[in-house]
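So the protein sequences, as listed, match chains W and E.
Mapped onto the working numbering, the consecutive letters of the first sequence carry residue numbers 2 to 477.
Mapped onto the working numbering, the consecutive letters of the second sequence carry residue numbers 8 to 259.
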Amino acid sequence: MTARTVLKNEWRLLMADRPLKIALGLFVVLLGYALTNGVVWLRFQERTVEATTSGNVERASALRQELEAIEAGGQPSSPFADPRSPRVLGGPSGSHTAVLAPGPLTALAIGQSDLLPYYYDVNIYTNEASFHQNGEVENPLNLMVGRFDLAFAVVYLLPLLVLALSFNVLSEEREQGTLALTLSQPVSARSVVTVKLAFRALVVAGIVLGVSLLGALATGGFGSPGRLLLWSVTVVAYALFWFALAAWVNALGRSSAWNATVLVGAWLVLVVVLPAAINAAAGLLHPLPSRVEMVTAQREASNDAVNRRSELLARYLEDHPEMAEGVVADEPGLGALSWAATDAVNGRLEEVAAEHDARRTEQTALVRRYRFLSPALLAQEALLDAAGTGDARFADFQSQVREFAERWREFFVPAIMADEQMNAGVLADVPTFSLADGDSADLTRRATAPLAVLAGLLALIGAAAGVGLGRVRGAD
Amino acid sequence: MTESHESNTGAAPLLEARGLSKDYGDTRALDSLDLAIAPGEVYCLLGPNGAGKTTTINLFLGFVAPSAGQALVAGLNVSTHDRESKRRLAYIPEQVMLYRNLSGIENLEYFAALGGQGSLGRERLVEILVEAGLDGEAAGRRVSTYSKGMRQKVGIAIAIAKQADALLLDEPTSGLDPTASSEFSALVERLRNRGVAVLMATHDLFRAKDTGTRVGIMHYGRLVTELSTAEVGHADLERIYLEHVSDNGGPR
């Protein structure tokens with residue numbers, strides 16, 4: 002009875018409070034804008050993916066036609082792009098674009114998808130430099146602050162709305178004098194405050210989840226119910242964390258102004274300062290080598306390799322004796338010499354990239370270790386994972402592309418070394434890329450840690466709030 | 008449940024204090040109060056600021072815990088039967104503060120439901136508000152437009168709706184004009200006639216004499232004397248009050 006009574010009263014108070022209704026309306030508009038941003042990005046990504054996919058088909062088709070025409074007695078369209086050469090067929094003009102399809106809930110969380118490459122042109126020249134460069138031109142401001150998407154709105158703005166709705170949930174009752182009349186009834190402050198906050202939580206979660214589900218509905222997100230569930234659970238847990246914090250601060254019995262100051266301070270520390278500090282610490286403790294270093298290494302290795310191709314070929318054949326059979330020892334072909342140089346360059350790049358990757362791994366480990374300090378980082382990680390736009394999916398994609406590039410090389414390099422000519426018949430055997438997206442078990446495993454910590458923090462602060470509210474009488 | 012002493016009317020008291028004391032640090036705000044108020048009695052606590060009147064009421068409400076002794080409502084120890092005792096109590100503070108953006112009806116509906124009366128229905132709520140002296144038209148207006156007197160009437164309406172056995176009033180007529188004070192006293196009188204036990208803390212000697220059946224004068228946390236209002240006139244009450252609250256005993 003008490004719960005229904007308080008809920009009904011809360012609804013009346015909300016309906017009678019014009020500024021609050023305006024604030025909620027503004028929040029809905031912001032969420033709508035965030036969702037629109039996400040949908041626009043998703044559509045752009047879908048168009049790009051479609052273009053690259055059809056590009057693969059068109060390239061393969063054009064090469065097939067040209068090879069068939071040559072086999073029928075025709076001439077290559079260019080003597081420098083003869084598709085019979087494995088260096089051409091396996092090179093840039095015959096490359097296959099490996100594509101990461103947009104995450105199932107990209108419209109809700111753009112995440113890393115505007116920062117990390119979601120497609121790579123794979124050919125025999127694909128090397129570590131390819132994985133450390135992003136060919137897309139993007140507004141640097143967007144990259145720096147991230148796009149205004151639903152995940153951003155949830156992580157940064159939702160706590161502010163929660164705090165605006167709850168910073169004075171008890172202190173206002175005390176200040177306006179209704180607390181004494183309320184607590185002279187057979188109810189406890191804890192039960193009344195809990196129901197009041199539950200009502201506000203329902204309003205906030207209803208708005209955010211409503212907009213989220215609308216976005217999922219419009220972009221096919223319902224095809225991934227597990228991800229949608231993870232998204233919803235994260236939103237609710239994160240919102241409840243802030244409600245619990247507000248309840249705890251209210252239970253301390255201070256003024257509304259004090260509560261507001263403390264809670265906004267907590268938002269600033271947990272959402273802005275701590276994540277920035279952790280990122281800064283990662284950058285300071287494990288600085289990434291300059292990208293210029295990689296470019297320089299590539300250039301130096303290329304120059305060196307061109308001058309020492311014969312020597313490099315000999316070394317290559319020592320390392321790859323299985324290739325030696327096709328190479329004419331006295332008069333190696335241009336292709337073999339060239340590939341030996343390419344391989345030497347790749348080797349040097351791998352050394353530089355390994356250092357880069359090691360630092361990146363250390364940075365990531367540090368951030369992962371200390372992300373538990375900030376509920377905002379935990380929520381962001383879980384939301385991006387749910388959307389399929391987090392680091393993990395991109396790293397997995399990159400790893401699969403590396404494997405694909407290796408398969409590509411294994412297909413073409415023996416022919417290059419043996420100076421063989423290709424024909425239309427081999428096209429059916431040319432490797433193609435097919436992404437093996439992580440399954441729901443992967444997702445569950447990754448989401449468990451951040452959600453468990455978030456739930457733990459929620460339980461801890463909720464318990465402190467419960468104890469504090471249990472001490473509230475009518476005359477403190 | 009604790010066995011109750013009988014009040015001076017012979018009936019079992021609805022409000023009772025037994026050796027009730029409250030300390031705030033080194034300051035004793037209430038010192039061994041013994042008090043019993045029977046159904047249909049209006050007991051007025053008189054005394055200067057800091058005498059312990061509001062502390063007494065807060066102890067009956069369970070808003071503060073006693074340092075010693077017991078506060079009993081209908082025989083229930085407030086410290087151990089918080090909710091049960093509050094079901095029997097109604098409370099009207101010096102300033103009845105309500106939700107300003109809601110109407111009198113909505114406020115009454117909320118507090119009555121919290122008090123355990125369920126959903127009373129709009130018609131019944133208006134009836135109660137009118138019974139409490141509020142104009143029927145005003146009942147549907149937002150409380151932000153109400154005067155203090157009107158809010159006090161909503162407070163009375165909450166007490167009526169709750170059908171409480173005992174009523175605690177903490178300086179309820181403070182700041183009211185004489186007409187509103189008189190109306191308020193008439194409402195208290197009506198509740199008294201229904202058998203409600205009333206404990207009213209007040210500075211208003213005239214109102215205490217007029218409304219109360221007994222008065223107790225408090226000073227520095229102690230109940231220094233008790234009088235039946237039927238036995239003293241207004242002038243006598245004032246004289247006796249002044250005699251007892253002159254500084255003849257400091258705080259302990």
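Even for Gly, the Cβ is constructed at its ideal location relative to N, Cα and C.
In this text the structure is predicted, and so the values were computed from the model without any measurement.
Hey, how far is the Cα of residue 251 (chain E) from the Cα of residue 167 (chain E)?
35 Å
Of all the CB atoms in chain E, is at least one closer than 8 Å to the CB of residue 195 (chain W)?
no
Distance, residue 98 (chain W) Cα to residue 80 (chain W) Cα
25 Å
Output yes or no for whether 8 Å exceeds the beta carbon distance between residue 29 (chain E) and residue 73 (chain E).
yes
Quick check on residue 122 (chain W): does DSSP put it in helix, strand or coil?
strand
For the region 170-188 of chain W, which residues have a beta carbon sitting closer than 8 Å to at least one beta carbon of chain E?
177, 178, 179, 181, 182, 183, 184, 185, 186, 187 and 188
Which residue comes first and which comes last in the alpha helix (DSSP H) that contains residue 98 (chain E)?
Element bounds for residue 98 (chain E): not the alpha helix (DSSP H) but the beta strand (DSSP E), 96-99.
With a threshold of 8 Å between beta-carbons, can residue 475 (chain W) be considered close to chain E, or not?
yes
Decide if residue 388 (chain W) is buried, meaning its Cβ has at least 16 other Cβ atoms within 10 Å, or exposed.
buried
Distance, Cα to Cα, residue 12 (chain E) vs residue 86 (chain E)?
With a pLDDT of 43 at residue 12 (chain E), under the threshold of 50, the modelled position of that residue is not reliable, and the figure given next carries that caveat. Roughly 18 Å between the two C-alpha positions.
Counting only Cβ pairs nearer than 9 Å, list the residues of chain W close to residue 170 (chain E).
Neighbours of residue 170 (chain E) on chain W: none; closest Cβ ~13 Å, over 9 Å.
Under 8 Å, do residue 213 (chain E) and residue 475 (chain W) count as touching if we go by C-beta distance?
no
Just how far apart, CA to CA, sit residue 177 (chain W) and residue 254 (chain W)?
14 Å
Through-space distance from residue 393 (chain W) to residue 53 (chain W), alpha-carbon basis
23 Å
Residues in the same chain with beta-carbon distance under 6 Å from residue 304 (chain E), minus the five sequence neighbours each way, listed in chain order, please.
Here chain E has residues from 8 to 259 only, and residue 304 (chain E) is not among them.
Distance cutoff 8 Å, beta carbons only. Does residue 14 (chain W) sit that close to anything in chain E?
yes
Helix, strand or coil, according to DSSP, for residue 257 (chain W) in the structure here?
helix
For residue 299 (chain W) and residue 346 (chain W), which I take to be in contact (beta-carbon distance under 8 Å), what is that distance rounded to the nearest angstrom?
6 Å
Is there at least one Cβ from chain W nearer than 8 Å to residue 213 (chain E)'s Cβ?
no
Within 10 angstroms of its Cβ, does residue 8 (chain E) collect 16 or more other Cβ (buried), or is it exposed?
In this prediction, residue 8 (chain E) has a pLDDT of 39, which is less than 50 and means its spatial position is unreliable; what the coordinates show is noted afterwards. Exposed, since its Cβ has fewer than 16 Cβ neighbours within 10 Å.
Using a Cβ-Cβ cut-off of 8 Å, state whether residue 153 (chain E) counts as contacting chain W.
no
So is residue 372 (chain W) buried or exposed if we call it buried at 16+ other beta carbons inside 10 Å?
buried
How is the beta strand (DSSP E) around residue 76 (chain E) delimited, first residue to last?
75-80
Residue 233 (chain W) versus residue 33 (chain W) - alpha carbon distance:
17 Å
Look at the alpha carbon of residue 27 (chain E) and the alpha carbon of residue 239 (chain E), and state the distance between them as a whole number of angstroms.
27 Å
Could you pull out every residue in the same chain whose Cβ sits closer than 6 Å to the Cβ of residue 146 (chain E), ignoring the five residues on either side in sequence?
111, 112, 133 and 136
In whole angstroms, give me the CA-to-CA distance for residue 253 (chain E) and residue 228 (chain E).
14 Å
When Cβ atoms are compared, which residues of the region 98-122 of chain E fall closer than 8 Å to chain W?
98, 100, 102, 103, 104, 105, 106, 107, 108, 109, 113, 117, 118, 120, 121 and 122
Check residue 109 (chain E) in the structure and name its three-state DSSP category.
coil
Rounded C-beta distance between residue 129 (chain W) and residue 350 (chain W)? I'm assuming under 8 Å.
4 Å
Please tell me whether residue 36 (chain W) and residue 103 (chain W) are closer than 8 Å, where the distance is taken between their beta carbons.
no
Proximity to residue 248 (chain W) [Cα-Cα], best of W:209, W:197 and W:399
W:197
Chain E partners of residue 17 (chain W), CB-CB under 7 Å?
108 and 109
Starting from residue 223 (chain E) and walking both ways along the alpha helix (DSSP H), at which residues does that stretch end?
Premise fails: residue 223 (chain E) lies in the beta strand (DSSP E), 221-226, not in any alpha helix (DSSP H).
Pair within 8 Å by beta-carbon distance, residue 87 (chain W) and residue 421 (chain W):
yes
What does residue 30 (chain E) pair with, by DSSP beta-bridge criteria?
E:35
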